[in-house]
Amino acid sequence: MIRAAAKAFMEYGYAATSIDTVADVLGATKGLVYYYYRSKADLFFDLHRAAMEINLNAIRPIATGEGSAADRLYRMLIAHCNLIMEELPLQCVSVQGVQMHLAGSTTPDQRKVLENLIAARDAYEKHFLDVLVQGVEAGEFRECDPRILIKPLLGALNWMTVWYRTRPDETDETRRHIAEEHATFLLRGVLRD
Numbered sequence: 722m723i724r725a726a727a728k729a730f731m732e733y734g735y736a737a738t739s740i741d742t743v744a745d746v747l748g749a750t751k752g753l754v755y756y757y758y759r760s761k762a763d764l765f766f767d768l769h770r771a772a773m774e775i776n777l778n779a780i781r782p783i784a785t786g787e788g789s790a791a792d793r794l795y796r797m798l799i800a801h802c803n804l805i806m807e808e809l810p811l812q813c814v815s816v817q818g819v820q821m822h823l824a825g826s827t828t829p830d831q832r833k834v835l836e837n838l839i840a841a842r843d844a845y846e847k848h849f850l851d852v853l854v855q856g857v858e859a860g861e862f863r864e865c866d867p868r869i870l871i872k873p874l875l876g877a878l879n880w881m882t883v884w885y886r887t888r889p890d891e892t893d894e895t896r897r898h899i900a901e902e903h904a905t906f907l908l909r910g911v912l913r914d
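All residue numbers for the sequence shown refer to this note's numbering, where the first residue is 722 and numbers rise by one.
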């Protein structure tokens, strides 16, 4: 149901997507969707929570594992790129959605959920930040303020949700090449000359 909702939100946008739309994409009745979710917003929040859990589970072991900061950052960037390509609708909605809800009117319960989603997003960002700090301290990365650098780094990384679209002739090799090119470009922006 989460993936069907992500496809619907990605294709039609949040405002134009209804529970009926999600049910159509799912091939089910709207009653089934309402059985699990009281509202479109609740479904969206669960979708975002699922995306953050997938993302954290993918990069946490890399960030806290063995290897130089440069090696770990590169592998984290690759992992993030792969997640975008493997779960494009889920990642698109996740990247774009919280800001949209923050700008709109929300109930007190929804604001609490948003706070938790933002905390999960911040925890994800902190893994990247910690590796950047370690790289600067070890002399692997250029002198910079990692707290500032993290924003354009993740912004460029997440922009992939805007330009990447699966192609019919795409192969595992094609996706590997895309991830490596994107990660290499971003890593070069922080490496010491």
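Ideal placement from N, C-alpha and C gives every residue a C-beta, glycine not left out.
On the premise that residue j lies in contact with residue i, defined as a C-beta separation below 8 Å, what is that separation, rounded to the nearest angstrom?
i: Ala900; j: Pro810; result: Actually they are not in contact, since the Cβ atoms of Ala900 and Pro810 sit about 18 Å apart, beyond 8 Å.
i: Met773; j: Ser815; result: 7 Å
i: Leu838; j: Phe730; result: With 8 Å as the limit, Leu838 and Phe730 do not qualify as a contact, their Cβ atoms being about 15 Å apart.
i: Arg781; j: His848; result: 6 Å
i: Ala784; j: Val852; result: 6 Å
i: Ile775; j: Leu804; result: 6 Å
With DSSP as the reference, identify every bridge partner of residue i, one or two as the case may be.
i: Phe862; result: Leu912
Which word fits residue i, buried or exposed, when buried means at least 16 other C-beta atoms lie within 10 angstroms of its C-beta?
i: Val883; result: exposed
i: Leu907; result: buried
i: Asn778; result: exposed
i: Tyr795; result: buried
i: Gly734; result: exposed
i: Pro829; result: exposed
i: Thr676; result: Within the shown structure, residues of the chain are numbered from 722 to 914, placing residue 676 beyond reach of any answer.
i: Ala725; result: buried
i: Thr895; result: exposed
i: Pro889; result: exposed
i: Gly818; result: buried
i: Gly856; result: buried
i: Arg842; result: buried
i: Lys872; result: exposed
i: Arg759; result: exposed
i: Arg909; result: exposed
i: Arg863; result: exposed
Work out the CA separation of residue j and residue i for me, nearest whole Å.
i: Lys833; j: Cys865; result: 34 Å
i: Asp745; j: Thr738; result: 11 Å
i: Leu912; j: Ala791; result: 8 Å
i: Ala800; j: Glu846; result: 14 Å
i: Leu768; j: Tyr756; result: 16 Å
i: Arg868; j: Asp741; result: 42 Å
i: Ala859; j: Leu875; result: 21 Å
i: Gly786; j: Leu850; result: 15 Å
i: Asn879; j: Thr887; result: 16 Å
i: Thr892; j: Tyr885; result: 14 Å
Is there a Cβ of chain C sitting closer than 7 Å to that of residue i, yes or no?
i: Tyr733; result: Of the protein chains in this structure there is only one, and it is not chain C.
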